[in-house]
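For the sequence shown, our numbering assigns the number 5 to the initial residue and increments by one for each residue that follows.
Here a beta-carbon is modelled for each residue, glycine too, at the ideal position from N, C-alpha and C.
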Amino acid sequence: MEILEMTARRTPTANLERLNRLMDEAGLDAVVLRSGQNFTYLSGVVYPGTLARHQDLSDSTRAVLLVWPRHGTPVIVANKTAAGLARRDAWVEQVVSYEGYVQSPYEKVAQVLQDAGLGSARVGLERDYVNVRDWELLRQHAPALQMTDCTAVMDRVRWVKTDEEVRMIRRAADLLDDVYQEVFERIRPGDTERKIHADMMATCLSKGFEWAHGILNSDKNTIPYAGESDLVIAAGDVIRTDYVAYLHGYPGHQSRNVVIGEPSAEQRRDYEINLDIYRTVIDRCRVGARVGDLYDYVMTEFQKNDWSYNSLLIGHGVGAWWHQQEPILRRGSDVLLEEGMVLALEPHKDHWHVQDMVLVGKGAPTLLSAKFNTDRPYIVPAKQPG
Numbered sequence: 005m006e007i008l009e010m011t012a013r014r015t016p017t018a019n020l021e022r023l024n025r026l027m028d029e030a031g032l033d034a035v036v037l038r039s040g041q042n043f044t045y046l047s048g049v050v051y052p053g054t055l056a057r058h059q060d061l062s063d064s065t066r067a068v069l070l071v072w073p074r075h076g077t078p079v080i081v082a083n084k085t086a087a088g089l090a091r092r093d094a095w096v097e098q099v100v101s102y103e104g105y106v107q108s109p110y111e112k113v114a115q116v117l118q119d120a121g122l123g124s125a126r127v128g129l130e131r132d133y134v135n136v137r138d139w140e141l142l143r144q145h146a147p148a149l150q151m152t153d154c155t156a157v158m159d160r161v162r163w164v165k166t167d168e169e170v171r172m173i174r175r176a177a178d179l180l181d182d183v184y185q186e187v188f189e190r191i192r193p194g195d196t197e198r199k200i201h202a203d204m205m206a207t208c209l210s211k212g213f214e215w216a217h218g219i220l221n222s223d224k225n226t227i228p229y230a231g232e233s234d235l236v237i238a239a240g241d242v243i244r245t246d247y248v249a250y251l252h253g254y255p256g257h258q259s260r261n262v263v264i265g266e267p268s269a270e271q272r273r274d275y276e277i278n279l280d281i282y283r284t285v286i287d288r289c290r291v292g293a294r295v296g297d298l299y300d301y302v303m304t305e306f307q308k309n310d311w312s313y314n315s316l317l318i319g320h321g322v323g324a325w326w327h328q329q330e331p332i333l334r335r336g337s338d339v340l341l342e343e344g345m346v347l348a349l350e351p352h353k354d355h356w357h358v359q360d361m362v363l364v365g366k367g368a369p370t371l372l373s374a375k376f377n378t379d380r381p382y383i384v385p386a387k388q389p390g
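As structure tokens, this is what we get:
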């Protein structure tokens, strides 16, 4: 077995104490992690570009996996192309390589487990990321292995952040608000959605984010999340945004509104009503609050204003690799908020979309994305000087 020793190591930012406790509660001797959020969370490796796509596509034959025993040495299983970045960036000490397209990564995982004395152990895998083909391949190569789902366990591990994770999220949030400020200052009537969105993407990358995605639409573009068009921005328009930008794998994730010209009385009223509901539900994000009750509060307030609610959720947890993680703040959820959760709150009426990230603590939540003033929408003059 070829072992590629790391040339440099960083200190893990993951909540290892919570991981150990929840693995013990679930009776897990090890976890084998395939998804980008769990692999990145526990390895510290943030794959870019094509390698990131292979990480997300469950049918890829070039998967990268992390074998994390409850006791013993974690091992990254990577194809030869992906092994170099793992060797450079991971805090995991061992990287085992296999030949992509020729060898199965799950055959190599079975060998790693056997070598670690875990060939008949109780091992957790993510049933929502390991496809049937690969589940059966692992069973074939490790027939005595006790395979079980660990998706919910890992969700619960990740949703309580360490101090270092909070620091990284705050830094990413500040940088994203810097991007918003710079791009908004360049918006002019006559620009298109596509032009402004391109400016957002380019500015995110130039400021050091690894990658970014999101939406930017005029209120005249009424199909949400359908991409940016050549629609021309004009006086009286409201611009909605919803961006995520990743810095060392952790997201800045905020939504800000822009109005072209002075807002009308109706625009000011709707923004203020939405903002009041939004800030009140943030204040209710305290230890012990039930997620379903937070959702119901928003629905009640919308009904008081004769508004319909057209989103699937009012917010979500955030974390490494993928911004939308458990707990999802949705109807009927019995999840209770815990100290150390970081939530992105976004109850919104259509294009009036304000979103920030908050840290759940012992008292009132702490705003982590506090650099941009959302007391009113950002206003672009309808008539430019000169």
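Around the Cβ of residue i, are there at least 16 other Cβ atoms within 10 angstroms (buried) or fewer (exposed)?
i, result
"glutamate 129", "It should be noted that the sequence gives leucine, not glutamate, for residue 129. Buried, by the Cβ-count rule."
"leucine 142", "buried"
"isoleucine 7", "Unreliable positioning characterises isoleucine 7 in this predicted model, as indicated by a pLDDT of 36, which lies under 50. The coordinate reading is nonetheless provided below. Exposed."
"valine 68", "buried"
"valine 106", "exposed"
"leucine 32", "buried"
"alanine 230", "exposed"
"asparagine 83", "buried"
"alanine 239", "exposed"
"serine 268", "exposed"
"lysine 387", "exposed"
"glutamine 59", "buried"
"threonine 207", "buried"
"glutamate 103", "exposed"
"glutamate 9", "Reliability of the predicted coordinates at glutamate 9 is poor, the pLDDT of 38 falling under 50, and no value is obtained from them."
Taking the alpha helix (DSSP H) that residue i falls in, what are its first and last residues?
i, result
"isoleucine 286", "269-287"
"tryptophan 403", "One cannot answer for residue 403 here, as it falls past the ends of the chain, which runs 5 to 390."
"tryptophan 139", "136-145"
Just reading off the beta strand (DSSP E) that residue i is part of, what are its end residues?
i, result
"aspartate 60", "Not the beta strand (DSSP E): aspartate 60 falls in the alpha helix (DSSP H), residues 53-60."
"valine 242", "242-251"
"proline 331", "329-333"
"glutamine 359", "Where glutamine 359 is concerned, there is no enclosing beta strand (DSSP E), given that its DSSP letter is neither H nor E."
"arginine 126", "126-129"
"alanine 18", "No beta strand (DSSP E) holds alanine 18; DSSP gives it neither H nor E."
"methionine 345", "Element bounds for methionine 345: n/a, residue is neither H nor E."
"leucine 69", "69-73"
"glutamate 152", "The question names glutamate, but residue 152 in the sequence shown is threonine. Start and end: 150-153."
"asparagine 261", "261-264"
Would DSSP call residue i helix, strand or coil?
i, result
"lysine 165", "coil"
"proline 255", "strand"
"serine 101", "strand"
"alanine 386", "coil"
"methionine 5", "Note on methionine 5: pLDDT 36, under 50, position unreliable in the model; no value is reported."
"leucine 371", "strand"
"alanine 82", "strand"
"threonine 196", "strand"
"valine 35", "strand"
"leucine 209", "helix"
"glutamine 107", "coil"
"threonine 226", "coil"
"alanine 114", "helix"
"valine 302", "helix"
"methionine 27", "helix"
"threonine 44", "helix"
"glycine 391", "Here the chain covers residues 5 to 390 and nothing more, so residue 391 does not appear."
"aspartate 159", "helix"
"valine 295", "helix"
"histidine 201", "helix"
"glycine 88", "helix"
"leucine 316", "coil"
"valine 170", "helix"
"alanine 176", "helix"
"lysine 353", "strand"
Roughly how far, in whole angstroms, is the beta-carbon of residue i from the beta-carbon of residue j, given that I think they are within contact range, below 8 Å?
i, j, result
"alanine 176", "alanine 56", "Their Cβ separation, rounded to whole angstroms, is 17 Å, which puts alanine 176 and alanine 56 out of contact at 8 Å."
"tyrosine 282", "asparagine 261", "Contact doesn't hold; Cβ gap of about 11 Å is too wide."
"leucine 340", "glycine 292", "6 Å"
"glycine 253", "alanine 348", "16 Å between Cβ atoms; not a contact."
"tryptophan 72", "leucine 46", "6 Å"
"isoleucine 173", "valine 346", "6 Å"
"leucine 298", "arginine 288", "6 Å"
"tyrosine 133", "serine 64", "Incorrect: roughly 11 Å between the Cβ atoms, too far for contact."
"asparagine 19", "valine 161", "6 Å"
Any chance the CB of residue i is under 7 Å from a heavy atom of the ligand ADP?
i, result
"aspartate 287", "Because no ligand of any kind appears in the structure shown, any question about the ligand ADP cannot be addressed here."
Does the structure place the stretch 347-359 close enough to the stretch 239-248 that three or more beta carbon pairs sit under 8 Å?
yes
Examine the Cβ distances between the stretch 225-233 and the stretch 146-160 and report whether three or more of them are shorter than 8 Å.
no
Is it a yes or a no for the stretch 365-376 touching the stretch 177-190, going by three-plus beta-carbon pairs under 8 Å?
yes
Count Cβ pairs between the stretch 17-37 and the stretch 103-123 that sit closer than 8 Å; are there 3 or more?
yes
Pairing CB atoms from the stretch 327-336 with CB atoms from the stretch 228-237, are three or more of them under 8 Å?
no
Between the stretch 22-32 and the stretch 71-87, can you find at least three pairs of beta-carbon atoms closer than 8 Å?
yes
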